[in-house]
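Numbering (my numbering), first residue to last: 60 to 579.
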């Protein structure tokens with residue numbers, strides 16, 4: 060540890076004996092004091108994932124090997140550069156002109172902060188696979204509270220290994236650090252990465268040699284500290300607190316206390332969006348349905364990950380197709396019930412594309428869906444080990460509805476009318492809801508004719524494949540005078556010589572007999 064000079068500094072004289080006694084109460088060594096804040100922090104263990112090349116990695120791929128992303132501001136500097144640019148001497152912090160002087164073929168790119176935010180939120184969703192508590196640390200880091208996940212993943216080493224692998228497979232380089240406080244974990248991840256400190260007592264020694272740049276403070280306070288020979292966290296920690304607060308501000312002193320667990324830190328918890336939105340640029344302009352389905356399958360895999368993390372399902376999808384010289388096209392996919400099956404969603408899209416003609420070749424795809432519906436609970440047959448055939452019924456109806464159209468497939472519902480031909484209505488949405496109980500009446504057949512069929516009669520007796528024998532009735536229905544379709548009928552249960560049970564009525568005006576339905 061570097062000793063501070065004995066002469067007075069910008070931060071005041073070295074603390075006197077009584078001040079030292081005071082510092083022992085509230086200073087760094089007080090982290091082992093069993094107060095409320097230290098106990099609360101000691102129960103936590105934070106993993107910081109630092110993404111040093113995020114501004115470059117979230118930009119579209121380019122064939123140019125030497126690339127660099129510039130910082131914002133009037134005098135842009137290199138924020139991050141590729142390995143090919145670094146091999147030519149380019150490094151973060153260089154002015155743009157100096158970087159071009161070193162590497163004339165260098166491609167300088169502006170920052171895309173929106174793309175960085177989207178990438179960070181995407182990786183935060185990935186972090187939810189490892190911990191329910193994830194916090195964003197813009198612009199280049201994530202924080203995960205992992206104390207409760209260690210037993211599940213087999214310790215810090217296994218958990219870190221799997222998290223790093225998941226982020227690398229997504230195309231991002233990551234440095235990690237683990238510590239009892241979030242800011243300490245960030246310092247470890249930013250400086251070197253890979254270090255794990257699991258107790259508060261070990262923090263001062265582990266952080267002492269780290270550069271002050273790991274605090275991610277602005278240049279002005281870091282330059283002020285460097286002028287006095289303070290370049291490491293251990294040196295900064297030994298400075299008089301009053302002088303440090305006076306020169307750098309109370310906020311910087313509090314951040315330093317949060318690093319060592321001497322001050323609590325409230326962090327905002329990351330919650331995934333309730334709506335899924337993603338897009339995919341196709342490698343070439345195409346109208347091939349099979350290529351469109353392959354691109355859609357990639358988006359549906361991402362939707363499946365979002366549904367799994369949120370324990371949500373979807374019942375409505377909107378697909379958007381980008382064209383070169385034509386306005387965008389939209390396809391709506393509505394389901395009869397909530398689902399989490401991406402296979403079913405892909406099959407519905409394939410069916411929809413088979414009966415839909417897009418106006419022009421497609422450049423890119425986009426998918427929009429609401430994740431507001433609870434995911435259905437998976438069930439199975441305990442003895443047979445297979446799924447019930449009833450589980451496939453909604454999927455079949457969804458495919459049929461997608462192929463034939465929204466209004467071609469519908470259910471049936473009751474309608475408050477005594478006339479049998481008007482006592483039902485089509486339902487476009489087959490939702491599960493309690494059935495309406497019909498009013499008190501005689502038994503009705505399930506099979507009703509679209510229109511009553513007139514029967515021949517002899518000696519005032521109806522015939523249908525033989526003479527009918529009236530078994531029950533009459534039940535009089537006399538209604539409809541208000542809408543011009545009034546009826547006056549006497550209904551009977553009847554059977555013919557073959558044993559067929561029928562529902563017939565006699566029109567009281569014309570005295571003719573009609574067949575209304577069959578009981579089976």
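Glycine residues also receive a C-beta, built at the ideal position from the N, C-alpha and C atoms.
All figures in this text were calculated on a predicted structure; none of them were measured in a lab.
Own chain, CB closer than 8 Å to residue i, minus 5 neighbours either side, in chain order
i	result
residue 357	339
residue 492	Caution is warranted here: a pLDDT of 46 is assigned to residue 492, below 50, making its placement in the model unreliable, and no coordinate value can be reported.
residue 478	536, 538, 539, 544, 546
residue 319	87, 90, 240, 243, 259, 262, 263, 266, 296
residue 206	102, 103, 104
residue 528	553, 554, 555
DSSP-derived helix/strand/coil call for residue i
i	result
residue 521	strand
residue 139	strand
residue 374	strand
residue 215	helix
residue 122	coil
residue 295	helix
residue 306	helix
residue 128	strand
residue 273	helix
residue 479	helix
residue 262	helix
residue 102	coil
residue 114	helix
residue 286	helix
residue 84	Low per-residue confidence applies at residue 84: pLDDT is 31, beneath 50, and the placement is therefore not dependable, though the value from the model is reported in the following sentence. Note: residue 84 maps to helix in three-state DSSP.
residue 512	strand
residue 433	strand
residue 321	coil
residue 473	strand
residue 150	coil
residue 209	helix
residue 221	helix
residue 254	strand
residue 507	strand
Residue i: first and last residue of the uninterrupted beta strand (DSSP E) it sits in
i	result
residue 398	388 to 398
residue 205	Residue 205 -> no beta strand (DSSP E), and no H or E assigned at all.
residue 577	572 to 577
residue 338	334 to 345
residue 423	421 to 429
residue 533	528 to 538
residue 553	546 to 554
residue 194	193 to 196
Cβ separation of residue i and residue j, assumed to be a contact under 8 Å, to the nearest whole Å
i	j	result
residue 546	residue 534	Not confirmed; about 13 Å, so no contact.
residue 167	residue 127	6 Å
residue 184	residue 368	6 Å
residue 229	residue 182	7 Å
residue 516	residue 572	5 Å
residue 580	residue 179	Only positions 60 to 579 of the chain appear in this structure, which leaves residue 580 out of reach.
residue 158	residue 137	5 Å
Residue i, enclosing alpha helix (DSSP H) - first and last residue
i	result
residue 235	Residue 235 -> not in any alpha helix (DSSP H); beta strand (DSSP E) instead, spanning 234 to 238.
residue 312	309 to 318
residue 350	348 to 369
residue 566	Not the alpha helix (DSSP H): residue 566 falls in the beta strand (DSSP E), residues 560 to 566.
residue 244	241 to 250
residue 407	401 to 413
Nonlocal neighbours in the same chain, by C-beta distance under 7 Å from residue i, ignoring five residues either side
i	result
residue 504	562, 576, 577, 578
residue 270	250, 290, 291
residue 522	514, 515, 516
residue 58	Absent from the structure is residue 58, since the part of the chain shown begins at 60 and ends at 579.
residue 497	Note that residue 497 scores a pLDDT of 48, beneath 50, so its modelled location is shaky and nothing firm can be said.
residue 380	387, 388, 417, 421, 424
Close Cβ partners of residue i (< 6 Å) along its chain, the five nearest in sequence each way excluded
i	result
residue 336	427
residue 248	107, 109, 234, 235, 236
residue 212	218
Runs of beta strand (DSSP E) wholly within the stretch 159 to 190 (minimum 3 residues, chain order): 166 to 168
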